[in-house]
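In this text, residue positions in the sequence shown follow full-length UniProt numbering: the first is 1, and each later residue adds one.
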Amino acid sequence: MFLRGRLTRSNYVVASFANRMLFSIFVSYAAVLLCSSHPFCCARDTITYGAPITDGVESGTLVSSGGRFELGFFSPSLNGTQRYVGIWYHQLSPRTVVWVANRETPVLNSTSTGFLALRDGNLQVLDTTGKSYWSTTAETSESLTQTVTLMDSGNLVLSSGDDKLAVNILWQSFQRPTDTFIPGMVLDKSLELTSWRGEDDPAKGKFIFKQDQVGENQYVISKSELILYWKGGEPATDAFYSFDQMLPAVTYLLSNFSKKYVVRNSPKIFSSPSQNSTYKNITIPPRSEYDYTRLVISLAGEIQFWTWINSTKQWNLYWYAPRDECSVFNACGNFGSCNSNNRPLLCKCLPGFKPQYLQQWNSGDFSGGCTREYALCGDDKNDTFLSLKKMKVGNPDLGINVDNETECRNMCLASCQCNAYSYANFSQRIWDSVNNLEEEYTDRGQDLSVRVVLSDLEGNLPEPSKEDHTRRKLPLSLIIVAVLLSVIFLACIVISIYIWRRNMNNKRGVVLLEIISGKKNTGFYQSKQTFSLINYAWRLWTENKVQDLMDKTLEESCNESQFIKCVNVGLLCVQEDPSDRHSMSNVITMLDSETAMCPAPKQPAFLTRRGNSSTAFSPSKPEIISEISNSLVEGYTD
Numbered sequence: 001m002f003l004r005g006r007l008t009r010s011n012y013v014v015a016s017f018a019n020r021m022l023f024s025i026f027v028s029y030a031a032v033l034l035c036s037s038h039p040f041c042c043a044r045d046t047i048t049y050g051a052p053i054t055d056g057v058e059s060g061t062l063v064s065s066g067g068r069f070e071l072g073f074f075s076p077s078l079n080g081t082q083r084y085v086g087i088w089y090h091q092l093s094p095r096t097v098v099w100v101a102n103r104e105t106p107v108l109n110s111t112s113t114g115f116l117a118l119r120d121g122n123l124q125v126l127d128t129t130g131k132s133y134w135s136t137t138a139e140t141s142e143s144l145t146q147t148v149t150l151m152d153s154g155n156l157v158l159s160s161g162d163d164k165l166a167v168n169i170l171w172q173s174f175q176r177p178t179d180t181f182i183p184g185m186v187l188d189k190s191l192e193l194t195s196w197r198g199e200d201d202p203a204k205g206k207f208i209f210k211q212d213q214v215g216e217n218q219y220v221i222s223k224s225e226l227i228l229y230w231k232g233g234e235p236a237t238d239a240f241y242s243f244d245q246m247l248p249a250v251t252y253l254l255s256n257f258s259k260k261y262v263v264r265n266s267p268k269i270f271s272s273p274s275q276n277s278t279y280k281n282i283t284i285p286p287r288s289e290y291d292y293t294r295l296v297i298s299l300a301g302e303i304q305f306w307t308w309i310n311s312t313k314q315w316n317l318y319w320y321a322p323r324d325e326c327s328v329f330n331a332c333g334n335f336g337s338c339n340s341n342n343r344p345l346l347c348k349c350l351p352g353f354k355p356q357y358l359q360q361w362n363s364g365d366f367s368g369g370c371t372r373e374y375a376l377c378g379d380d381k382n383d384t385f386l387s388l389k390k391m392k393v394g395n396p397d398l399g400i401n402v403d404n405e406t407e408c409r410n411m412c413l414a415s416c417q418c419n420a421y422s423y424a425n426f427s428q429r430i431w432d433s434v435n436n437l438e439e440e441y442t443d444r445g446q447d448l449s450v451r452v453v454l455s456d457l458e459g460n461l462p463e464p465s466k467e468d469h470t471r472r473k474l475p476l477s478l479i480i481v482a483v484l485l486s487v488i489f490l491a492c493i494v495i496s497i498y499i500w501r502r503n504m505n506n507k508r509g510v511v512l513l514e515i516i517s518g519k520k521n522t523g524f525y526q527s528k529q530t531f532s533l534i535n536y537a538w539r540l541w542t543e544n545k546v547q548d549l550m551d552k553t554l555e556e557s558c559n560e561s562q563f564i565k566c567v568n569v570g571l572l573c574v575q576e577d578p579s580d581r582h583s584m585s586n587v588i589t590m591l592d593s594e595t596a597m598c599p600a601p602k603q604p605a606f607l608t609r610r611g612n613s614s615t616a617f618s619p620s621k622p623e624i625i626s627e628i629s630n631s632l633v634e635g636y637t638d
């Protein structure tokens, strides 16, 4: 309210003073109201000389100018006495720490109070006695022009200079990260993330995430700095080599949004992808959608991509790697194959190989890998190759161009160091040691030819030692003879079975299943969905109840693991896709060797039922039966 009326000169001076007082009171009152509604507007974002941050004081934090990040003292545990200086998201609950200054040297608040102050040109964590617990690494300086500012990107910057337009950056936290990567950082070959030691201990742990020092656009997780634990990156031109394909949104973040991807025009919340999907022609979110995202190397060695979901007020784990045990680098050691579908033992030695350390292998420690049962390049020179389909493997030792696969094969046989080769499109790859082998059983894998002694495939192994003999609980030679006789028997009766059953179910796998179960394939088995032995065996296999298939007379004397192997082999021989069915030489190898690799079977060719079901085969459609019969014959051709 302003004074009105006729004023003398003296009255005018008094009125003018009164008006200025009223205006000042109004502005002060408005400022109080504004700050009460926005707490960070009164908080500072800068440390200067003589204005430190003090632990335990109400104003003892910095808040970035936009209110996104906060810096101060904290304890990882609820009632902990160890105090650390860290940066976390402002006003997000629970507190999510993205950077820790004194991760190795906490201040004990039970004996002293912590300060974060400028001293000798550096930002330092001090206690009341002046002891330094941590310091930036800028040059010592007596100048008092240095300042420390918490940026709205989460970067803590130490700079000098009186003119804000000519600031000299001396140090920044983005170049000294702990376990978290946030937008604005760039993960070059000099930067690395190190996991925490424990849930309540931010000291350096044993896992490190960094850019691969050799490959471009590839990243690794190492264990204790020396052991390669995981490898991933952008899609390679050849998906044959074992490494995980990273989510493009993650590599886009790691490059500080400098990668060239197709970016969506409109913002859209992240949606969870399939861990096994391949990222082709993918579009990624715009830069603005990354504001509340972070990449963390966890205690367990996982690199995790988190996004904040504002509607639920919580963090969402959007992507992570390694995706499973088989994604860990060289999970099964040399000449060991990993398949995440095989439980409880994920790893198996290739045919012709045995565990290097059997006791550790049986306990689930596969790091020792496998070794050959018999040496290559013997006097009789009877080495050959075992074809493994749809595999992924570590990088080769040699890659050259050849005219054909025969040349590739002969070149490998000429060198005793060559243990495997792969041929595709006039290109040959040679491995002196097969590692990081993974069974993909997808279109991403390729065929690999592993060098073995011929006797490993034909079953003509040398006389086993007494120690080997004591480990064999089943007379495997009898099983091999039974399988061979069954194949001959099958050839004699296949025509009559075709007329009676109108399908070709009774193949090698069926006969093997009949032998070990004591049941006929044409019987009725306990359920309206299982009118054949194949149906019954497949259902028990998928329900992990395959032991129920065992002939009652064998229960006391039969080795359970060998029985499961026989069922596994039987189901492999009746798979729906002819290219998936194994040759007779591979069947003999899998049955005869205790360490031979038996992949998980796929759905059998026939899951039929009698009656009028829509899924049953009708006798009135001989062309369908003929087509399927030809498929079966093609699949069994050696």
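Positions of the beta carbon are idealized from the N, C-alpha and C atoms, including for glycine.
- Here GLN446 is near MET391, since their CB atoms are less than 8 angstroms apart.
- Secondary structure at ILE182: coil, using DSSP grouped into helix, strand and coil.
- At a Cβ-Cβ threshold of 8 angstroms, PHE209 and ILE227 do not count as neighbours.
- For ILE303, the closest C-alpha among the options VAL250, ASN334, PRO355 is that of VAL250.
- Of the candidates ARG323, SER422, ALA300, ARG294, the residue whose Cα lies closest to the Cα of ILE309 is ARG294.
- If you keep only unbroken beta strand (DSSP E) runs of at least 3 residues inside the segment 284-334, you get 293-297, 303-309, 314-321.
- For ARG68 against TYR89, the beta-carbon gap comes to about 7 angstroms, under 8 angstroms, which counts as contact.
- Separation of the CB atoms of GLN356 and GLY369 is rounded to 5 angstroms, and the pair is thereby assigned contact status at 8 angstroms.
- Look at CYS558 here: in three-state DSSP terms it is coil, with no helix or strand label.
- Where CYS412 is concerned, the enclosing alpha helix (DSSP H) starts and stops at 405-413.
- ASP179 is classed as buried because its beta carbon has at least 16 other beta carbons within 10 Å across all chains shown.
- When secondary structure is reduced to three states using DSSP, ALA101 falls in the coil class, being assigned neither helix nor strand.
- For a cut-off of 8 angstroms, the C-beta gap from SER327 to TRP196 is around 22 angstroms, too long to register as a contact.
- Under the 10 Å beta carbon count, ARG581 is surrounded by 16 or more other beta carbons and is classified as buried.
- Approximately 6 angstroms separates the beta-carbon atoms of PRO183 and LEU253; this is inside 8 angstroms, confirming the contact.
- For the pair VAL100 and GLY80, the CB atoms are not nearer than the 8 angstroms cut-off.
- Burial state of CYS598 is buried, judged by a 10 Å Cβ sphere holding 16 or more other Cβ atoms.
- In the assembly as shown, SER143 is an exposed residue. Its beta-carbon has fewer than 16 other beta-carbons within 10 Å.
- With a minimum length of 4 residues, there is no unbroken run of alpha helix (DSSP H) contained wholly in the UniProt domain "Bulb-type lectin" (54-171).
- Membership of THR542 in the alpha helix (DSSP H) is indicated by the continuous run 533-542.
- Distance from MET590 to VAL574 at the Cβ level is roughly 15 angstroms; contact not present, criterion being Cβ atoms closer than 8 angstroms.
- The C-beta separation of SER112 from THR129 comes to about 7 angstroms, placing the pair in contact by the 8 angstroms criterion.
- Of the candidates GLY232, GLY205, SER65, ASP127, SER65 places its Cα closest to the Cα of ASN155.
- Between LEU299 and PRO351, the gap from beta carbon to beta carbon reaches 8 angstroms or more.
- Burial of THR149 is indicated by the presence of at least 16 other C-beta atoms within 10 angstroms of its C-beta.
- The beta carbon of VAL97 is closer than 6 angstroms to those of GLY86, TRP88 in its chain, skipping five residues each way along the sequence.
- Within the same chain, Cβ atoms closer than 7 angstroms to the Cβ of THR136 are found at ASN122, LEU123, LEU158, TRP171, the five residues on either side in sequence being excluded.
- In the structure shown, SER579 adopts helical secondary structure according to DSSP, grouped into three states.
- Non-local C-beta neighbours of GLN603 in its own chain, meaning closer than 8 angstroms and more than five positions away in sequence, comprise TRP538, GLN575, GLU576, ordered along the chain.
- Collapsing the DSSP output to three states places VAL574 in coil.
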